[in-house]
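Residue numbers (my numbering): 37 to 635.
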């Protein structure tokens with residue numbers, strides 16, 4: 037079923053009623069990037085805003101207020117703030133001494149005006165009947181409207197938004213196809229400097245639907261790669277060339293600085309590095325959310341389909357008994373010059389050995405010890421669920437054979453503007469015939485030994501684990517196995533705007549998700565053309581996932597639909613398999629409006 041959340045939000049504005057994040061008089065506020073809350077604790081919240089129209093070069097002083105009602109008749113807490121150009125006029129306030137599991141309203145005042153009103157809820161203590169999470173990632177602002185955020189803002193039951201990376205994208209116009217753009221990126225080039233990243237955040241956060249989602253509930257956020265550069269790792273990134281972009285450490289430092297300025301996340305303690313942002317959250321006696329950092333602390337460089345594949349030659353004169361070729365003259369020939377009876381094939385076993393090399397790290401030893409401590413602490417506290425947040429897909433995958441489609445006579449591929457994508461696609465198509473894990477070597481498939489250690493940790497601690505992930509631009513429901521035993525389940529969110537994975541690898545005409553699930557024992561279901569987010573509902577007895585798709589992200593007023601509903605029940609010693617739940621339907625009821633901000 038379809039419906040349009042913007043109709044509700046628009047009706048609230050027409051009546052002079054401000055939903056969270058909407059001021060009664062649009063354009064009359066210096067807070068043009070809205071308000072937000074994040075990193076909730078049982079006794080505290082972090083509040084965020086930006087003074088968008090500050091006098092050039094001058095500091096700005098203002099006030100903040102927290103109240104039990106949106107009219108702020110009796111503020112429960114208030115204080116002052118000061119901000120300046122050194123932090124891009126962003127504001128963060130940590131409010132402590134609050135009551136657990138309690139709804140609060142907040143606002144800021146500066147330059148004689150009130151901000152929009154935000155709503156936030158502290159984490160509960162004790163028994164909790166259910167936890168409702170909006171799981172999302174991959175918001176390509178210039179590719180579509182943020183209708184998914186409007187949907188989140190209108191959810192009747194929402195405790196927290198869990199955003200797992202790619203809040204912005206670093207690409208400039210040279211890497212984009214203009215006819216596919218809804219907005220032009222600002223700046224027009226790739227983000228490299230501090231000013232570049234700040235401008236990209238400012239553009240993204242000017243969106244009213246995003247502001248409404250931020251004002252609706254607290255966010256818990258972690259970066260992935262595009263907040264810095266595509267496929268980044270501790271020592272560099274695929275989309276970083278030092279001769280063009282300068283030193284990686286300098287770019288990393290300014291990208292992290294802009295992220296910490298613009299996102300509702302608590303800054304690391306002074307004695308820590310700026311990217312030491314791993315953290316955990318206890319949702320009463322129901323669940324522990326573990327949120328590691330998977331990019332900058334310890335990650336080894338990703339393997340590449342174009343750089344790390346080893347090839348060998350086979351003599352297939354007798355197709356039933358191929359013979360390895362060792363003749364130096366044949367080995368020296370270019371692939372196009374090989375005789376018909378000599379075939380060039382990838383060494384799948386060698387690639388698997390590289391992927392599973394014991395020294396390859398995504399989390400690193402320090403974080404692995406921290407994760408195990410968090411799992412043990414959660415089990416000891418009697419919480420039935422551990423929610424492990426991963427910025428990339430954890431399931432083991434086997435790429436389906438794409439050659440019957442992509443090598444079909446007359447089929448044409450589109451030119452790509454993304455750096456390195458054309459070469460990667462050619463390698464992916466060719467290698468797909470060999471049943472290798474090529475869907476994402478940037479994901480946990482590229483770090484098999486550490487994934488195995490994580491699975492052993494889950495079994496060792498007895499943590500009933502649900503993995504929440506993103507990054508792939510596909511929607512997934514997975515059952516994770518270690519030595520043929522199910523150790524956890526996983527749901528993974530797709531992009532909020534596009535492009536989808538099917539579009540990126542140019543297989544929109546291929547049932548890629550179904551074929552991937554058929555080839556991969558870990559994959560229960562996959563949709564390679566999904567655009568949307570997941571409403572995850574946790575109860576003591578089960579985890580439920582509602583996959584919510586945006587019908588037309590490039591259209592100004594589309595609707596949203598629940599396309600799949602699944603559930604996995606808690607079992608003794610673990611979690612059961614995914615099972616289907618009824619017919620998909622509407623995402624949920626509209627949230628009740630709150631009183632207007634006063635300016």
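Just so it is clear, CB atoms sit at the ideal spot from N, CA and C, and this is done for glycine as well.
Check: Flag this pair as yes or no: are the beta carbons of residue 175 and residue 220 separated by less than 9 Å?; Outcome: no
Check: What is the rounded straight-line gap between the Cα of residue 90 and the Cα of residue 108?; Outcome: 25 Å
Check: When you compare each of 99, 379 and 603 to residue 583 by their alpha carbons, which one comes out closest?; Outcome: 603
Check: Just to confirm, are residue 387 and residue 367 a CB contact at a threshold of 9 Å?; Outcome: no
Check: Please classify residue 448 as buried or exposed, where buried requires at least 16 other C-beta atoms within 10 Å of its C-beta.; Outcome: exposed
Check: I need the boundaries of the alpha helix (DSSP H) containing residue 603, first residue and last residue.; Outcome: It is not in any alpha helix (DSSP H) - residue 603 instead sits in the beta strand (DSSP E) that spans 596-607.
Check: By DSSP, does residue 485 sit in helix, in strand, or in coil?; Outcome: helix
Check: Scan the segment 154-235 and note each continuous alpha helix (DSSP H) run of 4 residues or more that stays entirely inside, going in chain order.; Outcome: 183-189
Check: Output yes or no for whether 9 Å exceeds the beta carbon distance between residue 347 and residue 392.; Outcome: no
Check: For the segment 546-559 and the segment 428-444, state whether three or more C-beta atom pairs, one from each stretch, are separated by less than 8 Å.; Outcome: yes
Check: How about the segment 91-105 and the segment 142-159: do they share at least three Cβ pairs that are nearer than 8 Å?; Outcome: yes
Check: Give every residue of the same chain whose Cβ lies closer than 6 Å to the Cβ of residue 157, excluding the five residues on either side of it in the sequence, and list them in chain order.; Outcome: 139
Check: Does the structure place the segment 350-362 close enough to the segment 275-291 that three or more beta carbon pairs sit under 8 Å?; Outcome: no
Check: Which partner residues of residue 382 appear in the DSSP bridge assignment?; Outcome: 347
Check: Cα-Cα, which of 375, 538, 611 and 309 is closest to residue 441?; Outcome: 538
Check: Going by the CB atoms, is the gap between residue 207 and residue 295 shorter than 9 Å?; Outcome: no
Check: Give the single residue among 467, 371 and 324 whose Cα lies nearest to the Cα of residue 417.; Outcome: 324
Check: With a threshold of 7 Å on Cβ separation, who are the neighbours of residue 183 within its own chain once the five nearest residues in sequence on each side are excluded?; Outcome: 245, 586, 589, 594 and 596
Check: For residue 542 versus residue 461, is the C-beta distance shorter than 9 Å?; Outcome: yes
Check: I'd like the ranges of any beta strand (DSSP E) spanning at least 3 consecutive residues and lying wholly in the segment 252-291.; Outcome: 255-257
Check: Relative to the C-alpha of residue 360, which candidate in 94, 95 and 380 has its C-alpha closest?; Outcome: 380
Check: What are the uninterrupted segments assigned as beta strand (DSSP E) that are 3 or more residues long and contained completely in the segment 395-427, given in chain order?; Outcome: 421-426
Check: Can you tell me whether residue 494 is helix, strand or coil according to DSSP?; Outcome: helix
Check: Between which two residues does the alpha helix (DSSP H) harbouring residue 550 extend?; Outcome: 548-555
Check: Between residue 466 and chain B, is there a C-beta pair that is closer than 9 Å?; Outcome: Included in the structure is just one protein chain, with no chain B present.
Check: Could you have a look at residue 113 and say whether DSSP puts it in helix, strand or coil?; Outcome: strand
Check: If I'm right that residue 270 touches residue 334 with Cβ under 8 Å, what's the distance once you round it to whole angstroms?; Outcome: 6 Å
Check: Count the CB pairs spanning the segment 443-457 and the segment 196-206 that are closer than 8 Å, and state whether there are at least three.; Outcome: no
Check: Helix, strand or coil for residue 293 per DSSP?; Outcome: helix
Check: Look at the alpha carbon of residue 369 and the alpha carbon of residue 261, and state the distance between them as a whole number of angstroms.; Outcome: 39 Å
Check: I think residue 241 touches residue 298, with their Cβ atoms under 8 Å apart; what is that distance to the nearest whole Å?; Outcome: 7 Å
Check: For residue 485 versus residue 395, is the C-beta spacing smaller than 9 Å?; Outcome: yes
Check: For the beta strand (DSSP E) holding residue 537, just list the boundary residues, first then last.; Outcome: Careful: residue 537 lies outside any beta strand (DSSP E), inside the alpha helix (DSSP H) at 537-540.
Check: Excluding the 5 residues flanking residue 300 on each side, which residues of the same chain have their C-beta closer than 8 Å to its C-beta?; Outcome: 72, 73, 74, 75, 82, 83, 84, 128, 250, 254, 255 and 257
Check: May I ask you to verify whether the segment 114-134 touches the segment 167-181, counting CB pairs closer than 8 Å and requiring at least 3?; Outcome: no
Check: Quick check on residue 389: buried or exposed, where buried means 16 or more other Cβ atoms within 10 Å of its Cβ?; Outcome: exposed
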